[in-house]
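Heads up: the sequence shown begins at 1 in UniProt numbering, then just goes up one per residue.
Below is one structure, written out as structure tokens, with a few remarks after it.
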Amino acid sequence: MTISENTPPAGGRPVEKEAKREGNRSDVSRARVEERRKGRKAQKRVRGAPKRKSKANFSEVLQKFEEYGSPRQNVVSERYKFFSCVQLEGQTIETYVTQLKTLVSTCEFAEQENGLIRDRIVLEIKDSGLQERLLRENNLNIEKAIEIIRAAEASQEQIQNMKYDTAATNFAKENQNKPKTQYNYKKCGRKHKPLECPALGKICAKCKKKNYFAAKCF
Numbered sequence: 001m002t003i004s005e006n007t008p009p010a011g012g013r014p015v016e017k018e019a020k021r022e023g024n025r026s027d028v029s030r031a032r033v034e035e036r037r038k039g040r041k042a043q044k045r046v047r048g049a050p051k052r053k054s055k056a057n058f059s060e061v062l063q064k065f066e067e068y069g070s071p072r073q074n075v076v077s078e079r080y081k082f083f084s085c086v087q088l089e090g091q092t093i094e095t096y097v098t099q100l101k102t103l104v105s106t107c108e109f110a111e112q113e114n115g116l117i118r119d120r121i122v123l124e125i126k127d128s129g130l131q132e133r134l135l136r137e138n139n140l141n142i143e144k145a146i147e148i149i150r151a152a153e154a155s156q157e158q159i160q161n162m163k164y165d166t167a168a169t170n171f172a173k174e175n176q177n178k179p180k181t182q183y184n185y186k187k188c189g190r191k192h193k194p195l196e197c198p199a200l201g202k203i204c205a206k207c208k209k210k211n212y213f214a215a216k217c218f
């Protein structure tokens, strides 16, 4: 049976009164009140916590409860996800690094985290020239790698914008130099530009209808 938060401890006092009664005592005393609130099952998990006269503080005992409530991750599975993470086409370096940092947080690599993220960045670079540059860099760390790749991305974006501007300019020049197309219209029998028909607004002498000449009256 699990002791709920409102179940009074031995002696019939509610947990709230117990916490108030022990509020001015040591951290370990407050930890014992927390034990009662968590229930008997959780208490078994923290039997290794120091007793009243030890130097342990409340945070250490509370950590044991948190470890009990948070199941251990499958490290092998988490590391597999990390090493399988590839940079997608068009994905910026900032987005990719954020994704790697999220995955590495559950891999228990400790102080090796940044180095492994750096390695994944170098391995997943699609630009072979940029990859060679990173490999030649002495004492390459994650910050330097991100800086180099970000600069390359900015340059590539600028080049693409320049290509677009040049293409747009050439297209405008080509259209400007082209002669304006003229059409042979049935209502007047003449060639002219759109909306410039001389019969526009005129009255046909035969049928008295608008917008075409008598020579083209059907």
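Glycine is no exception: its CB is placed at the ideal position from the N, C-alpha and C atoms.
Backbone CA spacing between residue i and residue j [nearest angstrom]
i, j, result
"glutamine 73", "isoleucine 121", "25 Å"
"cysteine 188", "glutamine 160", "49 Å"
"glutamate 132", "glutamate 111", "26 Å"
"isoleucine 125", "glutamine 87", "8 Å"
"isoleucine 117", "lysine 101", "7 Å"
"methionine 162", "threonine 92", "20 Å"
"serine 155", "leucine 123", "21 Å"
"leucine 140", "glycine 90", "24 Å"
"glutamate 5", "glutamine 63", "Low local confidence applies: a pLDDT of 46 at glutamate 5 is under 50, so the model's placement there is unreliable, and no value is given."
"phenylalanine 82", "glutamate 143", "19 Å"
"glutamate 196", "threonine 95", "56 Å"
"glycine 201", "lysine 191", "17 Å"
"alanine 199", "glutamine 158", "52 Å"
"serine 59", "leucine 103", "27 Å"
"valine 97", "serine 84", "14 Å"
"asparagine 114", "glutamate 137", "16 Å"
Boundaries (first-last residue) of the alpha helix (DSSP H) holding residue i
i, result
"valine 86", "Where valine 86 is concerned, there is no enclosing alpha helix (DSSP H), given that its DSSP letter is neither H nor E."
"asparagine 74", "From DSSP, asparagine 74 is part of no alpha helix (DSSP H); its letter is neither H nor E."
"lysine 201", "At residue 201 the sequence reads glycine, which differs from the lysine that was named. No alpha helix (DSSP H) contains glycine 201, which DSSP labels as neither H nor E."
"isoleucine 121", "113-124"
"glutamate 137", "That residue, glutamate 137, is in no alpha helix (DSSP H); it is neither H nor E in DSSP."
"lysine 101", "93-104"
CB-CB length for residue i against residue j, believed under 8 Å
i, j, result
"isoleucine 149", "leucine 130", "7 Å"
"cysteine 204", "phenylalanine 213", "7 Å"
Residue i vs residue j beta-carbon contact at 8 Å
i, j, result
"aspartate 127", "alanine 152", "yes"
Any C-beta of chain D under 8 Å from that of residue i
i, result
"threonine 98", "No chain D is present in this structure, which holds just one protein chain."
Below 8 Å, how does it come out for the segment 72-87 and the segment 101-116: are there three or more Cβ pairs, yes or no? yes
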